[in-house]
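Numbering (full-length UniProt numbering), first residue to last: 1 to 424. Using N, Cα and C, we set each Cβ at its ideal position, and we do this for glycine too. Worksheet for the structure shown next.
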């Protein structure tokens, strides 16, 4: 009986992985299309600004989420393992309540301090008007993330993939149809994502018969979610600042055009690395449940095997981009970005250690309430920032990026080994 159950777990894992993989391929293709459209409709400088805005929105989104993208699937899967429908409802309502309150606070702070934030990110206060569309986009993204995090927790990876695909389509269609300037296209995206995010939340509430009246009975659940999530917020912030801060530093030191070239280089990495995050998407609820169904050994063995596979795939990806990088830049962007090939060859090596980090990030969070990922991210970010500030050229900035990810991947391996010493 136990053997059959473990076989079922294994089959379910590979089925979910296959579905998520197919979904990610579609998302990646759509992301290619969006990048291609943006790079051709706008100048190199505007493309650099677009990437700065994209990173700014990512940071705001994950602060609004308060790490609920990790917390929701962990606690939802545990509630299901405990077979407690009431607990599941309380977690869903409590997590959304936290997101809404934090979103309001973050929006107020961002609007009040928009001049300072504009100068911090763009080294120019003239971009302060972008704050409203950025907040709309971020809030819509947070609602969408809440929705697909729920589906991760209940192992509905088909719905998880569909939501991500629909989101990409909603970004592409208005870009093609309206050909707006950067401000108006971001404003349009923001409105569309808020409407779509709200519709997904309403569906979840309707299916689970949820209402905000449950909040008054969910004090313990709110405290539990908050205690787990808030120490991870700095880590989420730093994780997405990994791409934002280099662009800010490079923009300040070398100008907007160099930001465009560096953006092109890290865009290639950004299009490859989501594949490495796929397994982590599935492993988070799986590892969270493993302590309740006594399958920790089996899950750890899967992670070990996947680690070897990740190393092999990373090496192949590095070789492929090194050889064909010039053609990839032309296909994904246009011939104006061939100049960034030197940076591509330096930053592509970061894929290997980053893949290991992406594999272990979710399992580490699932196993421990202590925010190990936050700690190693902060240390890595400090090293990265110092190296960037000291870098005398755009090429050395690429070297700094690779060194930072080597530290991040190595620290993740160390933490994972340490955490599993007690498991025979």
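Would you please state the rounded distance, in angstroms, between the beta carbons of residue i and residue j? I believe it to be under 8 Å.
i: residue 385; j: residue 349; result: Wrong, their Cβ atoms sit about 20 Å apart, outside the cutoff.
i: residue 397; j: residue 246; result: 6 Å
i: residue 366; j: residue 15; result: So it is not a contact: roughly 20 Å between Cβ atoms.
i: residue 69; j: residue 145; result: 5 Å
i: residue 106; j: residue 60; result: 7 Å
i: residue 283; j: residue 303; result: 7 Å
i: residue 121; j: residue 210; result: About 37 Å; that fails the 8 Å criterion.
i: residue 27; j: residue 164; result: 5 Å
Just the Cα atoms here: how many angstroms apart are residue i and residue j?
i: residue 54; j: residue 239; result: 14 Å
i: residue 201; j: residue 195; result: 10 Å
i: residue 111; j: residue 50; result: 20 Å
i: residue 67; j: residue 374; result: 11 Å
i: residue 324; j: residue 270; result: 17 Å
i: residue 341; j: residue 400; result: 16 Å
i: residue 410; j: residue 416; result: 10 Å
i: residue 372; j: residue 129; result: 37 Å
i: residue 263; j: residue 37; result: 15 Å
i: residue 56; j: residue 71; result: 22 Å
i: residue 294; j: residue 125; result: 55 Å
i: residue 204; j: residue 167; result: 17 Å
Exposed or buried, which one is residue i when buried takes at least 16 other CB atoms within 10 Å?
i: residue 186; result: buried
i: residue 206; result: exposed
i: residue 63; result: buried
i: residue 299; result: buried
i: residue 322; result: exposed
i: residue 308; result: exposed
i: residue 337; result: buried
i: residue 85; result: exposed
i: residue 213; result: exposed
i: residue 414; result: exposed
i: residue 123; result: exposed
So for residue i, helix, strand or coil by DSSP?
i: residue 374; result: helix
i: residue 113; result: coil
i: residue 405; result: helix
i: residue 295; result: coil
i: residue 180; result: coil
i: residue 251; result: helix
i: residue 304; result: helix
i: residue 66; result: coil
i: residue 82; result: coil
i: residue 365; result: helix
i: residue 136; result: helix
i: residue 421; result: coil
i: residue 211; result: coil
i: residue 229; result: helix
i: residue 42; result: coil
i: residue 105; result: helix
Would you check whether the ligand SAM has a heavy atom nearer than 7 Å to the C-beta of residue i?
i: residue 139; result: As for the ligand SAM, it is missing from this structure, which has no ligand bound.
Discussion item. Can you confirm whether the stretch 113-122 touches the stretch 176-191 when touching is taken to mean that 3 or more C-beta pairs between the two stretches lie within less than 8 Å?
Written reply: As far as the Cβ criterion goes, the stretch 176-191 does not touch the stretch 113-122, which means the pair count is below three.
Item to complete: Would you check if there are 3 or more beta carbon pairs closer than 8 Å linking the stretch 335-355 to the stretch 213-227?
Response: no
Practice prompt. Mind the definition here: the stretch 320-336 touches the stretch 250-259 only if three or more C-beta pairs lie below 8 Å; say whether that holds.
Written response: no
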